[in-house]
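So the sequences go chain by chain: A and B. For the first sequence, counting from 1, position 26 maps to 26 in the working numbering; every step adds exactly one. For the second sequence, counting from 1, position 30 maps to 130 in the working numbering; every step adds exactly one. Glycine is no exception: its CB is placed at the ideal position from the N, C-alpha and C atoms.
Protein chains: 2
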Amino acid sequence: GDAALGRKKASACQTCHGMDGLSKLPEAPNLAGQVEPYLVKALSEYRDGKRQNEIMNVVAKELSDADIANLAAYYAGIQIDVLPPG
Amino acid sequence: GDAALGRKKASACQTCHGMDGLSKLPEAPNLAGQVEPYLVKALSEYRDGKRQNEIMNVVAKELSDADIANLAAYYAGIQIDVLPPG
């Protein structure tokens, strides 16, 4: 997907997921640096109802395949560093 | 949950998710620093079949509530830094 286009689309996601991909709500997962094909799969499953979430089923319904690919590219592209566990 | 106990339990997760919570497979999401209640919800849904995944439905079936709480605490407790998007 196209991360730049995804970034524009992400304005619809930022309330819960942030533009930086860090969750703003306890129910919302972090998306920053997440695995791109996993994001595509999750979004597709929210769109077709295989995955249930009141908000995401509504939000995802509007998304095209291109939107999903672009959003996945945007959030997956956010760099994260993991500090090795203690 | 108890992250130290979760860390022991995570040996069952490391093949796909890593002990560091960074995905080792395209299908497996990163877990490092993920939102703790989100991890509890996801694991519980894999356990009771609300969320479908061949591997996770089998793996999660064995987990007790305490295991789920401890695993969530372990992976959520791994520190991540997000480099602000460009």
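Taking residue i as part of the beta strand (DSSP E), name the residues at either end of that continuous run.
| i | result |
| --- | --- |
| residue 81 of chain A | 80-82 |
Provide the residue span of the alpha helix (DSSP H) that contains residue i, from first to last.
| i | result |
| --- | --- |
| residue 14 of chain A | 14-17 |
| residue 72 of chain A | 65-76 |
| residue 137 of chain B | 136-147 |
| residue 6 of chain A | 3-9 |
| residue 160 of chain B | 154-161 |
Assign residue i to one of two classes, buried (16 or more other C-beta atoms within 10 Å of its C-beta) or exposed (fewer than that).
| i | result |
| --- | --- |
| residue 14 of chain A | exposed |
| residue 1 of chain A | buried |
| residue 183 of chain B | exposed |
| residue 134 of chain B | buried |
| residue 68 of chain A | buried |
| residue 123 of chain B | buried |
| residue 49 of chain A | exposed |
| residue 55 of chain A | exposed |
| residue 166 of chain B | exposed |
| residue 161 of chain B | exposed |
| residue 41 of chain A | buried |
Do residue i and residue j have their C-beta atoms closer together than 8 Å?
| i | j | result |
| --- | --- | --- |
| residue 110 of chain B | residue 171 of chain B | yes |
| residue 32 of chain A | residue 21 of chain A | yes |
| residue 36 of chain A | residue 76 of chain A | yes |
| residue 73 of chain A | residue 18 of chain A | no |
| residue 178 of chain B | residue 80 of chain A | no |
Hey, does residue i have any beta-carbon neighbour from chain C nearer than 8 Å?
| i | result |
| --- | --- |
| residue 30 of chain A | Annotation note: the requested chain C is absent from the structure, which comprises protein chains A and B. |
Could you run through the segment 173-184 of chain B and flag, in chain order, every residue whose CB is less than 7 Å away from some CB of chain A?
Answer set for the segment 173-184 of chain B: 178, 179, 180, 181, 182, 183, 184.
Give the residues from the segment 33-51 of chain A that approach chain B closer than 9 Å (Cβ to any Cβ), ordered along the chain.
Close to chain B, meaning a Cβ-Cβ distance shorter than 9 Å, are the following residues of the segment 33-51 of chain A: 33, 34, 35, 36, 37, 38, 39, 41, 42, 45, 50, 51.
What are the residues in the segment 106-131 of chain B lying within 8 Å of chain A by C-beta distance?
Across the segment 106-131 of chain B, CB contacts with chain A closer than 8 Å involve 107, 119, 120, 121, 122, 123, 126, 127, 128, 129, 130, in sequence order along the chain.
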